[in-house]
Amino acid sequence: MLTISKGRRTTGKAGQETSETNDDDVTQIKKKNKQREVSGSVFGVVKHLQKMGLIVLVKEWWWTLQFVCSIEFWRMALLWTLSILYSYYQLFRASLFSPKLIPYPRCSPSLTPSRPVCLITGATSGLGLATAYELSKEGYVVVIVGRSQHLLSETIRKIKDWNADAHLKSFQVDLSSVESIIKFKSSLRQWLLDSDLHCSVQILINNAGILATSPRVTAEGYDQMIGTNYIGAFVLTKLLLPLLESSPVSSKIVNVTSFTHRVVTNVQFDEGTVSGKRFVRSKQYPYAHIYEYSKLCLLLFSYELHRQLCLMGKSHQIFVTVADPGVVQTNIMREIPAVLSWLAFYVLKRLHLLQSPECAVNSIVDAALAPPGTSGAYFFGGKGRTVNSSALSRNAKLARELWETTSYLLSVTPFGAKINNF
């Protein structure tokens, strides 16, 4: 007899077809249901991720819109562009009306009796990396200074790949920390004593700089941008003056500043402003103005140091020069929204104002290898050329006031006695 059931047909022992409920069918149904559940959960996760991505995108565009609507953004977009154009206008005018003006040539170092030492801050990327490479080719023992040990190791590897004969040494230093700089000075001196090098530094290049878009405070209570761009260079230079003085040949201090200093037309050098505390307390952090201010301070410090060395009769022994590399495509704008950074670099490139670090480094190397008698010069545009900085930056009274305020701020720190000895 043929029996019909929900299961599949089978044949029994007696040769009759029988049907049974198949457990495999139930298992298959369960598997399909489970697959639907998994598929549904995956789809839910994908939808969630898409939603999260949309939220991130909205936040990014909202952040970008806030930047575009800020005064600081337009200060950078308009005034900084006008400032760099004015610097190039000076070069153009000099070529027309001062044809006899001879650019400063570069002087190669003497490698006897031992290799000279060159120290570069902020040397793990951009201009600092390019400068370290160029001076390593000149025969210097290049001491590179940076905040990240990993990046320092990577920098040494890169330069060695480019120049196998490079002599390099790295030190991890936070230039926004006075304590870190003091410890570095001791470590550097001990390394020089332990090596077969002359215990001196022939070139100091204060290149480290940041453009921060939000307020941060150093261990000493200074605004981090001012602390890194100016106060750190002030402290390091004063601490290394004995090593610069002991150089068997004339030594150089090169401070890397910026054309943005031209935007500043009115300044104050009270304690709250020089330390940056007044800026940190403001409702809207004026990052563009602080960057300009910090670069102006570095420039005023350079000229005041030059004047004081002249008064002490040491201007023939230590030269102080300034280098302005112009607009360079580096990661200094990493805190600016990516779309705005890209747009800025695109426009500047179309205007033929944007340079690569390998090209912009020429003004720094020009200043570092300039012949004697160039102290106080402002190098810009490469090829040994110089221009005038702003009239405000050449105000000796303001420079002296800034020096005194900075010295006082450092004197009230636990490290004051170790710094203010000049």
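In my numbering, the protein residues as written are 5 to 426.
Glycine residues also receive a C-beta, built at the ideal position from the N, C-alpha and C atoms.
So is residue i buried or exposed if we call it buried at 16+ other beta carbons inside 10 Å?
i	result
residue 270	exposed
residue 206	buried
residue 16	For residue 16, the predicted model reports a pLDDT of 48, less than 50, meaning its position is unreliable; a value from the coordinates is still stated below. Per the 10 Å Cβ criterion, exposed.
residue 84	buried
residue 377	exposed
residue 75	exposed
residue 96	exposed
residue 157	exposed
If you draw a straight line from the alpha carbon of residue i to that of residue j, how long is it in whole angstroms?
i	j	result
residue 184	residue 369	27 Å
residue 307	residue 125	20 Å
residue 371	residue 142	14 Å
residue 138	residue 59	45 Å
residue 309	residue 359	30 Å
residue 42	residue 66	Residue confidence is low: residue 42 scores 47 on pLDDT, short of 50, so the model does not pin down where it sits. Its coordinate-derived value is still stated next. Rounded to the nearest angstrom, the two C-alpha atoms are 36 Å apart.
residue 62	residue 173	45 Å
residue 160	residue 152	12 Å
residue 223	residue 409	19 Å
Just list the residues that DSSP pairs residue i with in beta bridges.
i	result
residue 173	147
residue 256	207, 323
residue 122	146, 207
residue 359	332
residue 382	326
residue 390	383
residue 221	227
Among the candidates the options, whose CA atom is the shortest distance from the CA of residue i?
i	options	result
residue 392	257, 60, 150, 381	381
residue 407	157, 167, 272, 265	272
residue 286	356, 118, 219	219
residue 212	197, 204, 176	176
residue 337	224, 160, 217	217
residue 389	327, 180, 400, 130	327
residue 363	178, 268, 330	330
residue 237	210, 81, 193	210
residue 411	155, 246, 241	241
residue 261	108, 232, 375	232
residue 123	112, 204, 198, 94	204
Could you tell me whether the Cβ of residue i comes closer than 8 Å to any Cβ of chain D?
i	result
residue 363	Absent here is chain D; the protein component of the structure consists of one chain.
Could you tell me whether the Cβ atoms of residue i and residue j are closer together than 8 Å?
i	j	result
residue 367	residue 383	yes
residue 413	residue 278	yes
residue 266	residue 87	yes
residue 71	residue 344	yes
residue 134	residue 163	no
residue 182	residue 239	yes
residue 257	residue 324	yes
residue 259	residue 300	no
residue 208	residue 243	no
residue 215	residue 291	yes
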